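Numbering (my numbering), first residue to last: 31 to 488.
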């Protein structure tokens with residue numbers, strides 16, 4: 031049967047490239063870090079400066095009751111205090127003396143400083159730090175989702191390669207049965223063999239053709255399964271062309287053993303970089319920031335506000351104003367506030383809940399770490415067992431080939447039958463298919479080990 035020489039090899043690297051760049055799940059995973067960056071940007075907005083202006087006035091029966099105008103610039107500072115500057119003008123018949131200003135208005139420059147609660151950490155700084163911790167969580171989720179997708183793609187790819195190998199073996203098997211049937215039929219006509227031998231050869235041919243049809247359908251279905259991972263730049267699904275073929279299954283030269291110290295190295299690597307563990311550590315980081323904030327809430331609210339005042343235009347670097355100690359002592363507005371709940375039941379309960387959450391997360395981390403380490407060792411054991419199975423199965427195939435060749439010689443010498451020869455060939459094909467299955471499983475185990483260790487499969 032003529033073979034197609036225009037076949038295109040679609041490698042596992044090609045599949046990974048398509049999946050990483052265009053698969054919807056990979057694109058969704060790629061959005062997670064950007065989302066985290068926007069969360070950080072949103073949190074940093076709590077430190078954005080703000081400008082406000084308020085004007086209220088009342089005139090009745092031609093009488094000016096009041097005119098109040100307040101303009102302020104507020105600049106939150108990372109270290110917990112706020113810097114303020116503004117200009118206000120409050121005049122009129124019924125304006126309280128407490129807020130009345132000269133006709134030219136009053137400008138001020140001040141600062142508001144927390145002295146207890148909010149000094150070391152406050153809601154603004156906690157929100158920013160938690161958003162930054164969320165970035166680490168998002169990156170771990172991205173890596174976890176992408177690695178899981180690539181592992182699934184790798185397993186399906188090697189199933190595709192196995193299906194192609196099985197199809198080729200059964201195709202050659204059917205072709206050989208067809209050649210033998212013709213030869214047996216000719217020998218029957220010449221009287222060298224009994225007529226029943228041609229029936230035996232025909233039955234074997236038909237059985238192999240049925241196996242070939244089943245293998246071809248399986249090949250087509252697995253090809254469609256691999257095509258599920260292919261998308262174009264317009265988010266439209268693509269399919270593998272009919273001429274596409276997978277790369278060959280791992281050859282004996284690739285059946286390498288794991289060095290004794292490499293398994294422990296993979297276990298240590300997984301404990302450090304595995305996405306599931308990284309997500310739990312990011313959650314612990316967030317809970318740690320929350321704990322600091324809740325502990326700070328146990329302190330009293332004590333803050334001081336100081337505003338330096340000047341009549342008229344807002345403060346300018348130039349001018350005739352003298353920055354002397356006398357001026358600072360006689361032109362200011364000072365405020366001091368204190369608040370402290372006596373029982374602290376809400377604050378203490380929130381802190382206790384946080385400690386419980388942190389304990390739960392720590393236990394999850396311990397359990398997940400143990401499971402990750404066990405998975406790495408389990409897959410490494412499978413790796414070594416497959417190497418031994420491959421070595422033994424390769425010898426089985428070699429012996430089956432020798433038995434088949436010997437039976438062929440006996441058949442040609444008239445010392446054997448079609449039935450025995452077909453049996454030898456059936457054992458040989460079965461052994462080759464079993465070897466191909468072990469090769470595919472070995473390749474899948476390689477990908478699984480990289481996934482179990484938390485490394486990128488790209």
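Using N, Cα and C, we set each Cβ at its ideal position, and we do this for glycine too.
A quick note: this is a predicted structure, and the numbers were derived from the prediction, not measured.
Query: Which residues in the same chain have their Cβ closer than 8 Å to the Cβ of residue 275, if we skip the five residues on either side of it in sequence?; Result: 37, 38, 39, 40 and 194
Query: Who are residue 275's beta bridge partners in DSSP?; Result: 39
Query: By Cβ distance, which residues of its chain are closer than 8 Å to residue 348, with the 5 residues on each side in sequence left out?; Result: Low confidence applies here, because residue 348 scores a pLDDT of 45, under 50, leaving its location unreliable; read the following figure in that light. Around residue 348: no qualifying Cβ.
Query: What residues in its chain sit with their C-beta under 6 Å from that of residue 426, if we drop five residues either side in the sequence?; Result: 461
Query: Give me the Cα-Cα distance between residue 492 and residue 45, rounded to the nearest whole angstrom.; Result: The structure shown does not extend to residue 492, since the chain is modelled only from 31 to 488, so the question has no answer here.
Query: Does the distance between the C-beta of residue 135 and the nearest non-hydrogen atom of the ligand HEM fall short of 7 Å?; Result: Among the components of this structure there are no ligands whatsoever, and the ligand HEM is therefore not found.
Query: Which residues share a DSSP beta bridge with residue 144?; Result: 333
Query: Cβ atoms of residue 477 and residue 181: under 8 Å apart, would you say?; Result: yes
Query: Kindly indicate which three-state DSSP category residue 282 falls into: helix, strand or coil?; Result: helix
Query: So, under 8 Å CB-CB, residue 238 and residue 207 are touching, yes? Tell me the CB distance rounded to an integer number of Å.; Result: 5 Å
Query: May I have a chain-ordered list of the alpha helix (DSSP H) segments no shorter than 4 residues that lie completely inside the segment 184–224?; Result: none
Query: Please state whether DSSP places residue 417 in a helix, a strand or coil.; Result: helix
Query: Tell me the DSSP secondary structure of residue 348 in three-state form.; Result: With a pLDDT of 45 at residue 348, under the threshold of 50, the predicted position of this residue should be treated as unreliable, though the coordinate-derived value follows. Coil, per DSSP.
Query: Please state the DSSP three-state secondary structure of residue 102.; Result: strand
Query: Specify the secondary structure class of residue 171 as computed by DSSP and reduced to three states.; Result: helix
Query: Could you check if residue 88 is buried or exposed, using at least 16 other CB atoms within 10 Å of its CB as the buried criterion?; Result: exposed
Query: Just to confirm the assignment, what range does the beta strand (DSSP E) spanning residue 268 have?; Result: Run containing residue 268: none; DSSP gives neither H nor E here.
Query: Do residue 270 and residue 256 have their CB atoms nearer than 8 Å?; Result: yes
Query: To the nearest angstrom, report how far apart residue 318 and residue 392 are at their CA atoms.; Result: 12 Å
Query: Which two residues bound the contiguous beta strand (DSSP E) that contains residue 85?; Result: 80–90
Query: Is the segment 300–315 close to the segment 158–172, with three or more CB pairs under 8 Å?; Result: yes
Query: Going by beta carbon distance, what residues of the same chain come within less than 6 Å of residue 342, once the five residues before and after it are set aside?; Result: 134
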